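Student: Under numbering that gives the first Met the number 0, the letters of the sequence shown match residues 0 to 349, in that order. One structure, pasted below without further comment.
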Amino acid sequence: MKAKYFRRFIILMVILVVLAGSALYVWQSTKPVTASTEPVIFTIDKGTGTSQIADNLEENGIIRNSLFFKVYLKLNNEGAGFKAGTYAFVPGQSYKEIVTALNNGDVQQEETLKFTIPEGYTLKQMAEKLDTEGATVKELFMDIVNQPELFSSIPIVAEIKDNTDYLFKLEGYLFPETYELAKGSTAEDIIVRMLTEMQEKLDSIPDFEAKLKARGLTVHELLTVASLIEREVVVPEERPLVASVIYNRLESNMRLQIDATVQYLLGKQKERLLYKDLEVDSPYNTYRNTGLPPGPIAAPSLSSIEAALSPETSDYLFYVTKKDGSSEHLFAKTYEEHLKNIEKSKESAE
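So this is what it looks like as structure tokens:
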């Protein structure tokens, strides 16, 4: 009798030990791994199943046991909403924290290179800004923008003709915008992105090719006119009107006499141009030469491009900036009217 009870006692103890061991095993397997301050980078590719995700979590030391994690997902009806991406998990996180992060798509934010190129900037100004912000070396940038053959796969670049008169071959082709690229992007990467943006902006204009053909312009000529508008106009509403003045003067075989072209060839901004500046021998000097300069003088905005493509209809041949601080212009059809406007402009400053 005693032997019978003793055997039962032994069996019961074995069962209790097994249960305790099992419970301890489950507890050990489901509790978070040892906490650490060092994050573990973990990537989930699109189409990866929850079973594989669980196995990968264990392999990366983020959880102790993938089987129990799978059971946890099954019991809580989780896993279907997990999002692909690269995550940074800290060892010691609970199942709940891991699942929440995967459901929310709390992916690691990739380090990026962000910069803004203002409208009307020249390539030199872009190079200076990008160099100052640590995006690239200005000398390298300026060297590459004179090699359009590197970017001939982009349609607008393929149209650039070989011309020794260009100061910088890609002037006016890099669209002014705020950009965000991957950290470590090269000068060439930056230029490709900006050229592509210009191509996309032109392609976004309704009936672009038809309008360009109707005006009898090439893309290069369009960007040249747009750059003149960009550098001459501050008030957006005046851009189509200034565009009409440019075209009217071209059609009348008049010199454009645009100060911005002289500023460009001098390579610096001057508050006041002197007579000797206007006499500088350069194909960009629109005081000495008729027609358009060889190419753009700055990066035009989309509104300046649209104004160059669809100018206002007018008979104006002249304009002068008001000196009242408004940055607006007074327009004239004749030189006599223009002289009167110059006087009005002076009076407005008094």
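Glycine included, C-beta positions come from ideal geometry on N, C-alpha and C. All figures in this text were calculated on a predicted structure; none of them were measured in a lab.
DSSP three-state label for ILE257, please.
Tutor: In this structure, ILE257 counts as coil in the three-state DSSP scheme.
Student: Classify TYR334: buried if its beta carbon has 16 or more other beta carbons within 10 angstroms, exposed otherwise.
Tutor: It is exposed - the Cβ of TYR334 has fewer than 16 other Cβ atoms within 10 Å.
Student: For TYR318, I'd like the list of residues in its chain whose CB is within less than 6 angstroms of its CB, leaving aside the five on either flank, ordered along the chain.
Tutor: So the qualifying residues of the chain are VAL244, HIS328 and PHE330.
Student: Given that a residue counts as buried once 16 or more other Cβ atoms are within 10 Å of its Cβ, and exposed if not, what is PRO310?
Tutor: Under this definition PRO310 is a buried residue.
Student: Quick one: is GLU109 buried, meaning 16 or more other Cβ sit within 10 Å of its Cβ, or exposed?
Tutor: Flag for GLU109 reads exposed.
Student: What is the DSSP secondary structure of ALA87, counted as helix, strand or coil?
Tutor: Looking at ALA87 - three-state DSSP - the assignment turns out to be strand.
Student: Would you call the CB atoms of LYS200 and PHE167 closer than 8 angstroms?
Tutor: No, they are not a contact pair.
Student: Do three or more CB pairs link the segment 298 to 308 to the segment 225 to 245 at distances below 8 angstroms?
Tutor: Yes: at least three Cβ pairs fall under 8 angstroms.
Student: GLN256 to THR320, Cα distance in whole Å?
Tutor: Rounded to the nearest angstrom, the two C-alpha atoms are 14 angstroms apart.
Student: Would you kindly work out how many angstroms separate the C-alpha atoms of MET141 and SER203, rounded to a whole number?
Tutor: Between MET141 and SER203, the C-alpha separation is close to 28 angstroms.
Student: In chain order, what residues of the same chain have a beta carbon less than 6 angstroms from the beta carbon of VAL144, not counting five sequence neighbours either side?
Tutor: Cβ within range, chain order: LEU122, PHE167 and LEU169.
Student: Identify, in the order they occur along the chain, each residue of the same chain with its Cβ nearer than 7 angstroms to the Cβ of SER347, setting aside the five sequence neighbours on each side.
Tutor: Counting only Cβ-Cβ distances below 7 angstroms, and skipping sequence neighbours, we find LYS321, LYS322 and ASP323.
Student: Out of ARG214, PHE114 and THR223, which one is the CA nearest neighbour of MET193?
Tutor: The candidate whose alpha carbon is nearest that of MET193 is PHE114.
Student: Could you check where the alpha helix (DSSP H) with LEU227 kicks off and where it finishes?
Tutor: Segment 218 to 231, the alpha helix (DSSP H) holding LEU227.
Student: Under three-state DSSP, which class holds GLU179?
Tutor: GLU179 falls in the strand class under three-state DSSP.
Student: From VAL136 to LYS128, what does the alpha carbon distance come to, in whole angstroms?
Tutor: For VAL136 and LYS128, the distance between alpha carbons rounds to 10 angstroms.
Student: CA-CA distance, ILE153 and GLN124?
Tutor: Their backbone Cα atoms lie some 23 angstroms apart in a straight line.
Student: If you drop the 5 nearest sequence neighbours on each side, which residues of the same chain put their C-beta closer than 6 angstroms to that of PHE308?
Tutor: Reading off the sequence, residue 308 comes out as Leu, not Phe. Here the set comprises LYS210.
Student: Going by beta-carbon coordinates alone, are HIS219 and GLY104 separated by less than 8 angstroms?
Tutor: It is not a contact, given that the beta carbons lie outside the stated cut-off.
Student: According to DSSP, is ALA331 part of a helix, a strand, or is it coil?
Tutor: DSSP places ALA331 in strand when its eight states are reduced to three.
Student: Suppose you measure from the CA of GLY119 to the CA of ALA100; what does that come to, to the nearest Å?
Tutor: Cα to Cα, the separation comes out at about 44 angstroms.
Student: Smallest Cα separation from ALA259: which of GLU236, THR223 and LEU249?
Tutor: Nearest of GLU236, THR223 and LEU249 to ALA259, Cα basis: THR223.
Student: Tell me which same chain residues have a C-beta within less than 7 angstroms of the C-beta of THR312, skipping the five on either side of it?
Tutor: Hits under 7 angstroms: SER243.
Student: For ASN247, I'd like the list of residues in its chain whose CB is within less than 6 angstroms of its CB, leaving aside the five on either flank, ordered along the chain.
Tutor: So the qualifying residues of the chain are LEU316.
Student: Excluding the 5 residues flanking VAL232 on each side, which residues of the same chain have their C-beta closer than 7 angstroms to its C-beta?
Tutor: Within the same chain, VAL232 has close Cβ partners ARG238 and VAL241.
Student: Closer than 6 angstroms by C-beta to GLY78: which residues in its own chain qualify, once you throw out the five before and the five after it? Chain order, please.
Tutor: Cβ within range, chain order: THR49 and LEU72.
Student: Would you say LYS45 and ALA83 are within 8 angstroms of each other, going by their C-beta atoms?
Tutor: The answer is yes: Cβ separation under 8 angstroms.
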